[in-house]
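Novice: Residue numbers (our numbering), protein chains in the order written: chain A, 13 to 344; chain B, 13 to 344. For reference, the structure I am asking about is given below.
Okay, structure coming up:
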């Protein structure tokens, strides 16, 4: 097996968590890191025994000899950095959201295909065994006909208008940060585009969405609709929990974004009828790292589990919502 | 204290439950009952020791000497029956929804005021001690600033196009049957009209709403919005549960429609910090019967706990939603 050489752009919390898992794996190595400050890149390199430290992503892209670059920088930088990596012949694993809007991601995907390079959004949810289990359960009809889905995710951030949470220049707001997870779950389970979406939003003083409720309708050929509500917030806690209401059973999956390991099935009397455990020795970042190495070692340019279509579908929904809200970022 | 004389129109399940409690109370008596069939009225009268049995509501209204009539007939009959009672000088306790739309209820309220007669919608939720406790907690700021509310109620009915659940001639649909409860809760806690509402609906083959998701936005002068989602269904179970997300604490009240007795408070780490129990010897119908007797004995023509404004506000919201859905009933 070919040994995959990695570099990392961004030295924040998520990069720390991902690289902690990546360096444990055989058949790959992390050889370069770039960050906005040389100090943080240096500390990151020291922690993970990375030999090449760059003080700009351009330096890394032009001088670091790697197969793939993991982009874990703030949202608004993803597009230009991924474009630059692909143009330099490097595959890309890009943190979510892949870009600010669907148009930017379509450009990246087109370029990756032209250059025959692997490109994937680092959206862990589809990789979780519990999600795959839930999908199988629904397809087998064990819930009966799915009638509605509720999913939410939210946390309480201190109001700091310069932070990545609230600053529009850093593509702040709840939707791109946490709202993307409930929407991804909805798309993973529905496997088609919603026929309509409506929403309520509360904006922060900076103009970004600090909380929203989104209601989606998915129509089927059989005339049975599924109604889906997705709620997200950065001003109050919301449980990261998805509930799928079938006309036979109800399935509940907590922590569906990246650590969910248990599906609880209840009947219409509220009684538990089954609990499925998807315990794993690997954490979600390890699953992601293993999956990407596997794709690269097998010469894939698109992940079968996180296909471009899925990334584009969620971005398209988020674009439509931001259009409803009149929320445009400076970098798009 | 004056002894209140009651009559009942309708001999269905809810009438049974309410009258079971009513006849236990001192200072009142149930003297008449009317139903669409003499047999069911007769059986009802026998069960509750009611002397006067009528085979039409008109007969009861014209011949039964009572202070107040409890109307527990199908929705679409409420308006004409209440109008008839008020015109005959009888006070009215009318099952929810008071009428099919806000215009009909405004007519009834105007007539009741002209005739100096008591009129109330039999909406139990505002009478629950747990709801009053929740309102007080919110007003005291114990949840912090309320950011959002989720409330749902649903059950799975067998598809019968002639049933009161699905038949438009009987004002079927989830909204008027169960969706009215989450909306009432929202209004009880918000105490003002929403500034906007959006929704997704799935209609049954009969054209009535078999499930919907409604998202309301309540704006405050301080610029802080509250987002509220209300979900209802007659094609699948949905827990009758309300969750209020404050920026300090989260409050959860199960069975808020008519039996909720416990509020669970959790913090943003998901830990229970307090549980309030509102145990009561009285069931909800007893609370309602006691309250109405009390109002009548004190010469009130409007309940301070279920004021007309509350009834009208919820009907206005339901009218707007049905307008969004293109759902008009034959009897309006």
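Idealized CB from N, CA, C, for every residue including glycine. Predicted model only: the values in this text are computed from it and were never measured.
What does residue 66/A pair with, by DSSP beta-bridge criteria?
Specialist: To locate residue 66/A, count along the first chain from 1; it is residue 54. Per DSSP, the beta bridge partners of residue 66/A are 46/A.
Novice: For the beta strand (DSSP E) that contains residue 255/B, what are its first and last residues?
Specialist: As a first step, residue 255/B must be located in the second chain, where it is residue number 243. From DSSP, the beta strand (DSSP E) with residue 255/B extends over 247-258.
Novice: Quick check on this structure: which residue in 314/A, 325/A, 330/A, 337/A has the alpha carbon closest to the alpha carbon of residue 121/A?
Specialist: Translated into positions along the first chain, residue 121/A becomes position 109. With distances taken between Cα atoms, residue 121/A lies closest to 314/A.
Novice: Residues in its own chain within less than 6 angstroms of residue 254/B by CB, not counting five upstream and five downstream?
Specialist: Here residue 254/B refers to the residue found at position 242 when the second chain is read from its first residue. Result list for residue 254/B: 163, 197, 265, 268, in chain order.
Novice: Could you check which residue in 111/A, 153/A, 46/A has the C-alpha nearest to that of residue 341/A?
Specialist: Mapped onto the first chain, residue 341/A falls at position 329. Of the candidates 111/A, 153/A, 46/A, the one whose C-alpha sits nearest the C-alpha of residue 341/A is 111/A.
Novice: Counting only beta-carbon atoms, is residue 210/A nearer than 9 angstroms to chain B?
Specialist: As a first step, residue 210/A is located in the first chain; it is residue number 198 there, counting from the start. Yes, contact with chain B.
Novice: Take every Cβ of the segment 222-235 of chain B, pair it with every Cβ of the segment 182-199 of chain B, and state whether three or more of those distances are shorter than 8 angstroms.
Specialist: yes
Novice: Straight-line CA distance for residue 298/B to residue 33/B?
Specialist: Walking along the second chain from the start, residue 298/B turns up at place 286. Walking along the second chain from the start, residue 33/B turns up at place 21. Taking the straight line from one Cα to the other gives about 5 angstroms.
Novice: Closer than 8 angstroms is the cut-off here; do at least three beta carbon pairs connect the segment 222-242 of chain B with the segment 124-139 of chain B?
Specialist: no
Novice: For the 8 angstroms Cβ check, are there 3 or more pairs between the segment 50-68 of chain B and the segment 79-97 of chain B?
Specialist: no
Novice: Quick one: is residue 257/A near chain B, going by C-beta distance under 9 angstroms?
Specialist: Walking along the first chain from the start, residue 257/A turns up at place 245. So yes, residue 257/A belongs to the interface.
Novice: Would you say residue 260/A and residue 230/A are within 9 angstroms of each other, going by their C-beta atoms?
Specialist: By 1-based counting over the first chain, the position of residue 260/A is 248. By 1-based counting over the first chain, the position of residue 230/A is 218. Cβ distance not < 9 angstroms, so residue 260/A and residue 230/A don't count as in contact.
Novice: Can you tell me the Cβ-Cβ gap for residue 245/A and residue 159/B, rounded? I've got them flagged as a contact below 8 angstroms.
Specialist: Looking up residue 245/A in the first chain gives position 233. Looking up residue 159/B in the second chain gives position 147. 7 angstroms between Cβ atoms; contact.
Novice: Provide the residue span of the alpha helix (DSSP H) that contains residue 304/A, from first to last.
Specialist: Taking the first residue of the first chain as position 1, residue 304/A is located at position 292. Element bounds for residue 304/A: 296-309.
Novice: Grab me the residues of residue 168/A's own chain with a C-beta within less than 7 angstroms of its C-beta, minus the 5 sequence neighbours each way, in chain order.
Specialist: Sequence index remark: in the first chain, residue 168/A carries index 156 (1-based). Within the same chain, residue 168/A has close Cβ partners 247, 248, 249.
Novice: Based on DSSP bridge pairs, tell me the residues matched to residue 165/B.
Specialist: The sequence position of residue 165/B within the second chain is 153, counting from 1. According to DSSP, which records beta bridges pairwise, residue 165/B is partnered with 244/B.
Novice: Output yes if chain A places a C-beta closer than 9 angstroms to the C-beta of residue 64/B; else output no.
Specialist: For the purposes of this step, residue 64/B is taken as residue 52 along the second chain, with counting starting at 1. No, residue 64/B lies away from the interface with chain A (no Cβ there is under 9 angstroms from its Cβ).
Novice: What residues in the segment 87-117 of chain A bring their beta carbon closer than 9 angstroms to a beta carbon of chain B?
Specialist: Going along the segment 87-117 of chain A in chain order, one finds no residue with a Cβ nearer than 9 angstroms to chain B.
Novice: Can you look up residue 3/A in the DSSP assignment and give me helix, strand or coil?
Specialist: Only positions 13 to 344 of chain A appear in this structure, which leaves residue 3/A out of reach.
Novice: The alpha helix (DSSP H) that contains residue 6/B, what's its start and end?
Specialist: This structure leaves residue 6/B out entirely; chain B is present only between 13 and 344.
Novice: What's the C-alpha gap between residue 28/A and residue 241/A?
Specialist: Taking the first chain and counting its residues from 1, one reaches residue 28/A at position 16. Taking the first chain and counting its residues from 1, one reaches residue 241/A at position 229. About 33 angstroms.
Novice: Does the beta carbon of residue 194/A come closer than 9 angstroms to any beta carbon on chain B?
Specialist: The residue labelled residue 194/A in the question sits at position 182 within the first chain. Chain B contact via Cβ: absent.
Novice: Can residue 30/B and residue 69/B be called in contact, C-beta distance under 9 angstroms?
Specialist: As a working note, residue 30/B is residue 18 in the second chain. As a working note, residue 69/B is residue 57 in the second chain. Cβ atoms of residue 30/B and residue 69/B: not closer than 9 angstroms.
Novice: Would you tell me roughly how many angstroms separate the C-alpha atoms of residue 86/A and residue 301/A, rounded to the nearest one?
Specialist: Here residue 86/A is taken as the residue at index 74 of the first chain, counted from 1. Here residue 301/A is taken as the residue at index 289 of the first chain, counted from 1. Looking at the two C-alpha atoms, the distance is approximately 20 angstroms.
Novice: Does residue 228/B have its Cβ less than 9 angstroms from a Cβ in chain A?
Specialist: Here the question's residue 228/B lines up with position 216 in the second chain. Closer than 9 angstroms: yes.
Novice: Where does residue 193/B sit, in a helix, a strand or coil, going by DSSP?
Specialist: Residue 193/B sits at position 181 when you count from the first residue of the second chain. In this structure, residue 193/B counts as helix in the three-state DSSP scheme.
Novice: Just curious, the alpha helix (DSSP H) that residue 97/B is in, first and last residue?
Specialist: Position 85 of the second chain, counted from the start, is the residue given in the question as residue 97/B. Looking at the DSSP string, the run of the alpha helix (DSSP H) that includes residue 97/B is 90-99.
Novice: 9 angstroms is my cut-off, CB to CB: does residue 285/B come that close to chain A?
Specialist: Locating residue 285/B in the second chain gives position 273, where the first residue counts as 1. It does not; no Cβ of chain A falls within 9 angstroms.
Novice: Residues of chain A with CB under 8 angstroms from residue 8/B, in chain order?
Specialist: Lying before the first or after the last residue shown, residue 8/B is absent from chain B, which here runs from 13 to 344.
Novice: Between the Cα of residue 226/A and the Cα atoms of 212/A, 173/A, 115/A, 52/A, which residue gives the shortest distance?
Specialist: If you number the first chain from 1, residue 226/A lands on position 214. The candidate whose alpha carbon is nearest that of residue 226/A is 212/A.
Novice: Considering just the uninterrupted stretch of the beta strand (DSSP E) at residue 225/B, what are its terminal residues?
Specialist: Position 213 of the second chain, counted from the start, is the residue given in the question as residue 225/B. Going by DSSP, residue 225/B is part of the beta strand (DSSP E) stretching over 221-230.
Novice: In whole angstroms, give me the CA-to-CA distance for residue 281/B and residue 258/B.
Specialist: Start at 1 with the first residue of the second chain, and residue 281/B comes out as number 269. Start at 1 with the first residue of the second chain, and residue 258/B comes out as number 246. Their Cα atoms are separated by approximately 13 angstroms.
Novice: Please confirm if the segment 50-57 of chain B is in contact with the segment 318-333 of chain A, defined as three or more CB-CB distances below 8 angstroms between the two stretches.
Specialist: no
Novice: Taking only beta-carbon positions, decide if residue 348/B is within less than 9 angstroms of chain A.
Specialist: Any property of residue 348/B remains undetermined from this structure, which presents chain B solely from 13 to 344.
Novice: In chain B, which residues lie with their C-beta within 9 angstroms of the C-beta of residue 280/A?
Specialist: Position 268 of the first chain, counting from 1, holds the residue named residue 280/A. The contacting residues are 167, 168, 248, 249.
Novice: Distance cutoff 9 angstroms, beta carbons only. Does residue 133/B sit that close to anything in chain A?
Specialist: The residue given as residue 133/B occupies position 121 in the second chain. No - not a single Cβ of chain A is within 9 angstroms of the one on residue 133/B.
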